[in-house]
């Protein structure tokens, strides 16, 4: 078209008609050029617009990144300032640690290790002064914790024989407390413990306390078979069955292991003062007392026991002899000061205790019987100096169809016990004990020294009248339980009225103390789910509140 246009421009017009045609062609050509220019401009505009939009998006991304960086920098600066302040504080603390007098540092290390069970190696890592102090204090190295199971360990370095040997050497000739936990956690670990037990046995004459924790009875026997000589020097023995981790399967032990032979070799001596068994069905307690009969000799090691704890921990099978021998066993414990027994009811359904059989425990101060037939055993013993009494655990009951004692009343057993013993009781906790208001009144009138009273019952009618404890007796003006400083009441079928409790607290905590005023209450146990926040705040104005769910008394 362009070449043709050029040719047209060189032609000489021959006529007017040709000139008109040439003029029209020229104008069409100019229009075409304008259209081409517009098309090129539109394409360029589209291209530039796309570039501009891309730049805008890139700018937005970079702006966001800039804001994120600024926020990160601000956060880092804040962390920097906090860390800087912490470093300054730690430097000041470290400087202060260096200036601790040696005698004070020794006390700190002793309290940390003996009271809080802090590994001594942790203290030795503070600085050179602490290291020197800890290394030269043999009393800090007298607790050996050998935990060979998976998971976190307090003293992981002791799983190496050379480290264990060094640890024992630092205790010099001091008495030792040894805790062996999960030593039989796997076949490989079981084989690996032989060298560790060999190192441990070198100090076995110095063992005074031994704690063994496993998840089956066979593992406990297997551990005891490595350390039978320890029974000669022990003053405290604890054998505990713990539950296995979820999904963990027990490895098979030697089916030919002679349990009787292990028990013959591992026999307590009169040096034993504290004995703890958790899992009566499987730990060797039943075997230790199985030789008990009327014609046999007493077990000499029982005579020196001061603390005895027997708990079934949910394993109730395999202890048929416990019920028959429990009274004779208690008769041999002439120095027993604390006794705790928890068992399943069906182990006590055969009444082999003659009605005329009573056992006097002259030194017993703390008694905890945690099973449904607790009051039946209570009615067979006499405790003239008992200070703490805890009967039954939550969830136990005496209403089973096969309970041969179902016609007997808790109130009768408890009344006979207190009339026979007249103990100077300071702490009392009843759980599901069937007593009516009149029974409680007669009992509480005899407890002049009682400081702690906790009652958990299904029926509110079994909880003693709060009003009875909220005012002095009409005839004499004397307060019931005048030394009471802690009280607690709860029920699974309802709650004690908050207004009644407030009146009780106001009466026991008067604004002015008179000559006959009772001791002030300092703590109140309650069921937190039964009261509103406002009611709890109102009661909290008088005393410190605690949730009444535990099974331990403060004096235990």
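Numbering (UniProt numbering), first residue to last: 1 to 556. Glycine is no exception: its CB is placed at the ideal position from the N, C-alpha and C atoms.
Rounded C-beta distance between residue i and residue j? I'm assuming under 8 angstroms.
i: residue 167; j: residue 141; result: 6 angstroms
i: residue 454; j: residue 392; result: The Cβ separation is near 12 angstroms, so there is no contact.
i: residue 272; j: residue 332; result: With a Cβ gap of about 13 angstroms, residue 272 and residue 332 do not count as contacting.
i: residue 421; j: residue 383; result: 5 angstroms
i: residue 146; j: residue 196; result: 7 angstroms
i: residue 193; j: residue 148; result: 6 angstroms
i: residue 508; j: residue 521; result: 5 angstroms
i: residue 531; j: residue 495; result: 7 angstroms
i: residue 327; j: residue 357; result: 6 angstroms
i: residue 381; j: residue 330; result: 7 angstroms
i: residue 449; j: residue 424; result: 5 angstroms
i: residue 470; j: residue 504; result: 5 angstroms
Identify, in the order they occur along the chain, each residue of the same chain with its Cβ nearer than 7 angstroms to the Cβ of residue i, setting aside the five sequence neighbours on each side.
i: residue 379; result: 413, 416 and 417
i: residue 517; result: 510
i: residue 451; result: 426, 427, 483, 484, 485 and 486
i: residue 2; result: Unreliable placement is indicated for residue 2, whose pLDDT of 44 sits below 50; the coordinate value is still reported in the next sentence. Same-chain partners within the cutoff: there are none.
i: residue 99; result: none
i: residue 558; result: A query on residue 558 cannot be resolved here, the shown segment of the chain reaching from 1 to 556 and no further.
i: residue 267; result: 231
i: residue 472; result: 478, 479 and 516
i: residue 20; result: none
What residue range is occupied by the uninterrupted alpha helix (DSSP H) comprising residue i?
i: residue 166; result: 161–170
i: residue 379; result: Premise fails: residue 379 is in no alpha helix (DSSP H) and is neither H nor E.
i: residue 135; result: 128–135
i: residue 499; result: 498–508
i: residue 533; result: 533–540
i: residue 468; result: 466–469
i: residue 103; result: 102–114
i: residue 361; result: Careful: residue 361 lies outside any alpha helix (DSSP H) and carries neither H nor E.
i: residue 418; result: 410–421
i: residue 122; result: 120–124
i: residue 442; result: 437–444
In the DSSP assignment, what residue or residues form a beta bridge with residue i?
i: residue 176; result: 207
i: residue 81; result: Answer is none; residue 81 lacks a bridge partner.
i: residue 430; result: 391 and 455
i: residue 238; result: 211 and 276
i: residue 558; result: This structure does not reach residue 558, given that the chain is present from 1 up to 556, and the question cannot be answered.
i: residue 181; result: 147 and 213
By the DSSP assignment, the beta strand (DSSP E) with residue i in it spans what residues?
i: residue 338; result: 338–342
i: residue 147; result: 143–147
i: residue 488; result: 486–491
i: residue 226; result: Premise fails: residue 226 lies in the alpha helix (DSSP H), 217–226, not in any beta strand (DSSP E).
i: residue 366; result: 366–369
i: residue 310; result: 307–311
If you drop the 5 nearest sequence neighbours on each side, which residues of the same chain put their C-beta closer than 6 angstroms to that of residue i?
i: residue 340; result: 309 and 368
i: residue 343; result: 312 and 371
i: residue 274; result: 236 and 307
i: residue 519; result: 483 and 485
i: residue 181; result: 147 and 213
i: residue 430; result: 391 and 455
Indicate whether at least one CB of chain D lies closer than 9 angstroms to the CB of residue i.
i: residue 170; result: This model lacks chain D altogether; it includes just one protein chain.
Please tell me whether, using a cut-off of 8 angstroms, the distance from the CB of residue i to the nearest non-hydrogen atom of the ligand COA is below it.
i: residue 204; result: Judged by which ligands are present, the structure shown has none, so any question about the ligand COA falls away.
Give me, in chain order, the residues of the same chain whose beta-carbon lies closer than 8 angstroms to that of residue i; leave out the 5 immediate sequence neighbours on both sides.
i: residue 79; result: none
i: residue 538; result: 498 and 502
i: residue 303; result: 270, 332, 333, 334 and 335
i: residue 130; result: 97, 105, 109, 123 and 124
- Query: When the Cβ atoms of the region 132–140 are set against those of the region 105–116, are three or more pairs found closer than 8 angstroms?
  - Reply: yes
- With contact counted as at least three CB pairs below 8 angstroms, one residue from each stretch, are the region 202–221 and the region 169–176 in contact? yes
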